[in-house]
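Since the structure comes first, as structure tokens, the remarks are kept for the end.
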Amino acid sequence: MEYGLIGAKLGHSHSPRIHRAFASYDYQLVELGEEELPAFLKARQFKGLNVTIPYKQTVIPYCDELGETARRIGSVNTLVVRPDGSLFGDNMDYYGFCYTARRAGVDFTGKNVLVLGTGGTSLTAKVAAEDMGAASVRRVSRRGEVNYDNVYDRRDTQVIVNTTPVGMFPNNGKAAVDLSRFPALEGVVDVVYNPLRTAFLLQAQALGIPAAGGLPMLVAQAKWACECFTGAVIGEEKLEEVCRAVAADVTNLVLIGMPGSGKSAVGEAVAQRLGRPFFDADEEIANRAGMSIPDIFARYGEEHFRQLESEVLADFGKRSGIVLATGGGAVLFDRNLPLLRQNGRIYRLRRPVENLDRDGRPLSTSLERLREMEAEREPFYAAAADVTVDNSGPLAETVETILADFNR
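For the sequence shown, counting from 1, position 380 maps to 374 in my numbering; every step adds exactly one.
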């Protein structure tokens, strides 16, 4: 093995894709138990490694030398075997964190900062925040001086950084703290990158607070690690290119709109063009229920259908790189929108009411009812959509419009 990533659980990692974008070397994922780590490191059967949870501090005693950044932080995420066989450790998370904060406009200068968590990444965030001019930095733990029982007493907090795994796949939808309880809050950074937008990040965005997710940090630290591995210099233009490409790869394309607006047909065509799997939420609901949607409504009522719908959207929303067509009423419920937004870019399809397909749709009983329904739902569609696309013309035209936006 030339290069790779070591950690306890790596099934969610995007690192191979990212490193291949920066260089042509072999890069593998290596899951290790704690008892396997010493022998693996001593064998030196690698040229360089990235290190992730839970070994960023564990690897330090095995290093013959540490870079200045790693020494200051007390955490290592990059290992290199030197020509003499010695092991050098450094911390590229630091550079990734600083890049991500600057990129999102999160300013630490003179600010009171809370860092959630006490692991290796929290040490990185603390030092980086101090270097970027923070007035004070406090780490929040379960039983420390600042903990989750008294954290809301810190009403002067201006920036919060999440370095805990709370909200990370597969436990999506959770947040370590309620951001609305910090009246002076000005910026948020979440190092979690799967999902793209955690509940923590979505809450910050809803509050209008500048916020950065973990994917740019992941890509940026890989760029600096690659430079450490190879000695090559990678420009910021290439870094931005890879950030955009990786984000596009993992972003879901989600279609919303009135029943009969063409979401399934458009979704299938878009998925085919992108080479992605396509899923229809209504079709999945019917499969799970073992009956058609009109039968679900007739036998169990709309409330039961909506519960099934939320369960399906929760499952699909966790996935990455798919095309998803939703039911017409999916975005009417507050619980569903975060499920779609966490990994998705949302496209609303519009079609004149008289052209909507009404066949087999329990709520599309008449043209008059459809007009009422469209008026009722318009605010929800408008609030949910990232982009609104007219679908009253040829299918190919709609598909091209969506792809032009998505690829941009």
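Glycine included, every Cβ here is placed at the ideal spot set by N, Cα and C.
Requested in this report: Just tell me which of Ala280, Leu247, Ile287 has its CA closest to the CA of Pro271.
Outcome: Position 277 of the sequence shown holds residue 271. The option with the nearest alpha carbon to Pro271 is Leu247.
Query raised in the report: Comparing alpha-carbon positions, which option in Val325, Ala319, Val317 lies nearest Gln301?
Result: Here residue 301 is taken as the residue at index 307 of the sequence shown, counted from 1. Looking at the Cα atoms, Val325 is the closest of the given residues.
Query raised in the report: Taking just the CA atoms, how far does Leu179 sit from Ala415?
Result: Limits of the chain in this structure are -5 at one end and 402 at the other, which puts residue 415 out of reach.
Report task. Enumerate, from N- to C-terminal direction, the unbroken beta strand (DSSP E) stretches of 3 or more residues contained entirely within the segment 65 to 146. Result -> Listed in chain order, the beta strand (DSSP E) runs fully inside the segment 65 to 146 are 72 to 75, 81 to 84, 106 to 110, 130 to 134, counting runs of at least 3 residues.
Report task. With Ile279 as the anchor, note down where its alpha helix (DSSP H) starts and where it stops. Result -> As a working note, residue 279 is residue 285 in the sequence shown. Start and end: 275 to 283.
Query raised in the report: Start and end of the beta strand (DSSP E) containing Gly181?
Result: Here residue 181 refers to the residue found at position 187 when the sequence shown is read from its first residue. Looking at the DSSP string, the run of the beta strand (DSSP E) that includes Gly181 is 181 to 184.
Report task. With DSSP as the reference, label Arg11 as helix, strand or coil. Result -> Within the sequence shown, the letter at position 17 stands for residue 11. Reduced to three states, the DSSP call for Arg11 is helix.
Requested in this report: State the start and end residues of the unbroken alpha helix (DSSP H) segment that holds Thr224.
Outcome: The residue labelled residue 224 in the question sits at position 230 within the sequence shown. For Thr224, the enclosing alpha helix (DSSP H) has its first and last residue at 209 to 224.
Query - Contact the segment 224 to 234 vs the segment 195 to 204: 3+ CB pairs below 8 Å - result: Taking a contact to require three or more Cβ pairs closer than 8 Å, the segment 224 to 234 and the segment 195 to 204 do not qualify as touching.
Query raised in the report: Assuming Leu43 contacts Leu(-1) under a Cβ cut-off of 8 Å, what Cβ separation, rounded to an integer in Å, is found between them?
Result: Walking along the sequence shown from the start, residue 43 turns up at place 49. Walking along the sequence shown from the start, residue -1 turns up at place 5. For Leu43 against Leu(-1), the beta-carbon gap comes to about 7 Å, under 8 Å, which counts as contact.
Query raised in the report: Does the beta-carbon distance from Gly207 to Leu190 come in below 8 Å?
Result: Taking the sequence shown and counting its residues from 1, the one referred to as residue 207 is at position 213. Taking the sequence shown and counting its residues from 1, the one referred to as residue 190 is at position 196. Contact: yes.
Requested in this report: Starting from Gly42, follow its DSSP beta bridges and name the residues at the other end.
Outcome: The residue labelled residue 42 in the question sits at position 48 within the sequence shown. Gly42 is bridged to Tyr(-3), Val74.
Query raised in the report: Smallest Cα separation from Ala398: which of Glu(-4), Leu268, Tyr142?
Result: As a position in the sequence shown, residue 398 is number 404, starting the count at 1. Ranking the options by Cα distance to Ala398, first place goes to Leu268.
Report task. Grab me the residues of Tyr89's own chain with a C-beta within less than 6 Å of its C-beta, minus the 5 sequence neighbours each way, in chain order. Result -> In the sequence shown, residue 89 corresponds to position 95, counting from 1. Cβ-Cβ distances below 6 Å link Tyr89 to Trp218 in the same chain, with the five nearest sequence neighbours on each side left out; the list follows chain order.
Query raised in the report: Should Gly27 go down as buried or exposed, given a rule of 16 or more other Cβ atoms within 10 Å for buried?
Result: For the purposes of this step, residue 27 is taken as the residue at position 33 of the sequence shown. Residue burial is scored here from C-beta neighbours: Gly27 has fewer than 16 other C-beta atoms within 10 angstroms and is therefore classed as exposed.
**Report entry** Close beta carbons around Arg148, own chain, < 8 Å, minus the five adjacent residues each side
**Finding:** Locating residue 148 in the sequence shown gives position 154, counting from the first residue. Close CB contacts of Arg148 within its chain, under the 8 Å cut and outside five residues either way in sequence, are with Asn106, Leu108, Arg132, Val140, Phe176 (chain order).
Query - Proximal residues to Ile396 (C-beta, below 8 Å), its chain only, five neighbours per side dropped - result: Locating residue 396 in the sequence shown gives position 402, where the first residue counts as 1. Within the same chain, Ile396 has close Cβ partners Leu247, Val260, Val264, Tyr341, Val381, Val383.
Query raised in the report: Where does the unbroken beta strand (DSSP E) through Ile250 begin, and where does it stop?
Result: Stepping through the sequence shown from its first residue, residue 250 is reached at position 256. Looking at the DSSP string, the run of the beta strand (DSSP E) that includes Ile250 is 246 to 251.
Query raised in the report: Do Met252 and Gly322 have their CB atoms nearer than 8 Å?
Result: As a position in the sequence shown, residue 252 is number 258, starting the count at 1. As a position in the sequence shown, residue 322 is number 328, starting the count at 1. With respect to Gly322, Met252 sits close: the two C-beta atoms are nearer than 8 Å.
Query raised in the report: So is Phe299 in contact with chain B if we call contact Cβ pairs under 8 Å?
Result: In summary, chain B is missing from the structure at hand, where a single protein chain is found.
Query raised in the report: Is DSSP giving Asn165 helix, strand or coil here?
Result: If you number the sequence shown from 1, residue 165 lands on position 171. It is coil, neither helix nor strand.
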